[in-house]
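J.: I have a structure here, written as structure tokens, and I will follow up with some questions on it.
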Amino acid sequence: EDQVTQSPEALRLQEGESSSLNCSYTVSGLRGLFWYRQDPGKGPEFLFTLYSAGEEKEKERLKATLTKKESFLHITAPKPEDSATYLCAVRKAAGNKLTFGGGTRVLVKP
Amino acid sequence: DGGITQSPKYLFRKEGQNVTLSCEQNLNHDAMYWYRQDPGQGLRLIYYSQIVNDFQKGDIAEGYSVSREKKESFPLTVTSAQKNPTAFYLCASRDRGGTGELFFGEGSRLTVL
Chain A
114 EDQVTQSPEA
124 LRLQEGESSS
134 LNCSYTVSGL
144 RGLFWYRQDP
154 GKGPEFLFTL
164 YSAGEEKEKE
174 RLKATLTKKE
184 SFLHITAPKP
194 EDSATYLCAV
204 RKAAGNKLTF
214 GGGTRVLVKP
Chain B
4 DGGITQSPKY
14 LFRKEGQNVT
24 LSCEQNLNHD
34 AMYWYRQDPG
44 QGLRLIYYSQ
54 IVNDFQKGDI
64 AEGYSVSREK
74 KESFPLTVTS
84 AQKNPTAFYL
94 CASRDRGGTG
104 ELFFGEGSRL
114 TVL
């Protein structure tokens, strides 16, 4: 059974304090690992897709990396507007659905 | 603008009543999905559909039903058999020929009184 575990569950940061979120996964043949951002009461917003170990993608203050067992979302010099829940999901080979982790709630204080 | 529209945004129902949540997309995507999200938790798959007139159960399908009569529409019915229906419901779609990511609507929050 596919499993996705995100840690920590919650993260409080000071503005400018860089940190990393972890997404550990178990899947039979990874077809893609996805990162989403979700604001309270809203639908998730797509950030990145990673396909193979060693791959990295960046968008503004966010950088996602992938290994064979986990992915990291690095937040560099965060701002209060980066406060959100970050969700990780995996899609397995020959699969048509995404399995999500429980998310990491990030709060960036000014 | 292309996107996914869910309605209503907020819905209240009494115990024992069925309720239908609407999901419409104009992205020309073949695949559509329904997820449930409980407070402080991730998303759990209820049902999904790859093409019109076909759909599959997800991980928590009991107490729910769907139909896919049109490519643009994938309504979800929460039946009285669903024991704990209060939740945030999210509809999504995917381009089967694309890079695999899901595009989500803004969600519908159902509260059972």
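So the protein sequences, as listed, match chains A and B. Numbered by my numbering, the letters in the first sequence go through residues 114 to 223 in order. Numbered by my numbering, the letters in the second sequence go through residues 4 to 116 in order. Idealized CB from N, CA, C, for every residue including glycine.
1. What is the rounded straight-line gap between the Cα of A:Gly129 and the Cα of A:Glu173?
2. Would you say B:Gly103 and B:Gln9 are within 8 Å of each other, going by their C-beta atoms?
3. In the DSSP assignment, the beta strand (DSSP E) including A:Thr217 goes from what residue to what residue?
4. Check the C-beta distance from B:Leu113 over to B:Leu30 and give it rounded, since I have them as a contact under 8 Å.
5. Pick helix, strand or coil for B:Asp57, following the three-state DSSP scheme.
6. Closer than 8 Å, CB to CB, is A:Pro223 near chain B or not?
7. Does the Cβ-Cβ distance between B:Val55 and B:Lys74 come in under 8 Å?
8. Verify whether the separation of the beta carbon atoms of A:Leu146 and A:Val203 is less than 8 Å.
9. What three-state label does DSSP hand B:Glu109 in the structure shown?
10. Is the CB-CB distance between A:Arg150 and A:Ala206 below 8 Å?
11. Does any CB atom of chain A fall closer than 8 Å to the CB of B:Tyr167?
12. So the beta strand (DSSP E) A:Lys176 belongs to, where does it begin and stop?
13. Can you find the residues in the same chain that come closer than 8 Å, C-beta to C-beta, to B:Thr82, ignoring five residues on each side of it along the sequence?
14. Kindly list, in the order they appear in chain B, the residues whose Cβ is closer than 7 Å to that of A:Gly216.
15. Taking B:Gly45 as the reference, give the member of A:Leu175, A:Glu122, A:Leu163 with the closest Cα.
T.: The relevant details are as follows:
1. In the first sequence, counting from the first residue as 1, residue 129 of chain A sits at position 16. In the first sequence, counting from the first residue as 1, residue 173 of chain A sits at position 60. Whole-angstrom Cα-Cα distance: 14 Å.
2. By one-based count along the second sequence, residue 103 of chain B stands at place 100. By one-based count along the second sequence, residue 9 of chain B stands at place 6. In this structure, B:Gly103 keeps its C-beta atom at 8 Å or more from the C-beta atom of B:Gln9.
3. Residue mapping note: residue 217 of chain A aligns to position 104 of the first sequence, counting from 1. That run of the beta strand (DSSP E) goes 217 to 222.
4. In the second sequence, the residue the question calls residue 113 of chain B occupies position 110. In the second sequence, the residue the question calls residue 30 of chain B occupies position 27. Not a contact, Cβ separation roughly 24 Å.
5. Here residue 57 of chain B refers to the residue found at position 54 when the second sequence is read from its first residue. DSSP places B:Asp57 in strand when its eight states are reduced to three.
6. If you number the first sequence from 1, residue 223 of chain A lands on position 110. No, no contact with chain B.
7. Sequence index remark: in the second sequence, residue 55 of chain B carries index 52 (1-based). Sequence index remark: in the second sequence, residue 74 of chain B carries index 71 (1-based). Yes, they are a contact pair.
8. For the purposes of this step, residue 146 of chain A is taken as residue 33 along the first sequence, with counting starting at 1. For the purposes of this step, residue 203 of chain A is taken as residue 90 along the first sequence, with counting starting at 1. Taking 8 Å as the Cβ cut-off, A:Leu146 and A:Val203 qualify as a contacting pair.
9. As a working mapping, residue 109 of chain B is identified with position 106 in the second sequence. Three-state DSSP puts B:Glu109 in coil, outside helix and strand.
10. As a position in the first sequence, residue 150 of chain A is number 37, starting the count at 1. As a position in the first sequence, residue 206 of chain A is number 93, starting the count at 1. No, the pair does not count as a contact, with Cβ atoms beyond the cut-off.
11. Since the first residue of chain B shown is 4 and the last is 116, residue 167 of chain B is not available in this structure.
12. For the purposes of this step, residue 176 of chain A is taken as the residue at position 63 of the first sequence. Per DSSP, A:Lys176 belongs to the beta strand (DSSP E) from 175 to 179.
13. Numbered from its first residue, the second sequence carries residue 82 of chain B at position 79. Excluding residues within five positions, the ones whose Cβ falls inside 8 Å are Asn21, Gly66, Tyr67, Ser68.
14. Residue mapping note: residue 216 of chain A aligns to position 103 of the first sequence, counting from 1. In chain order: Gly45.
15. By 1-based counting over the second sequence, the position of residue 45 of chain B is 42. Nearest option by C-alpha distance: A:Glu122.
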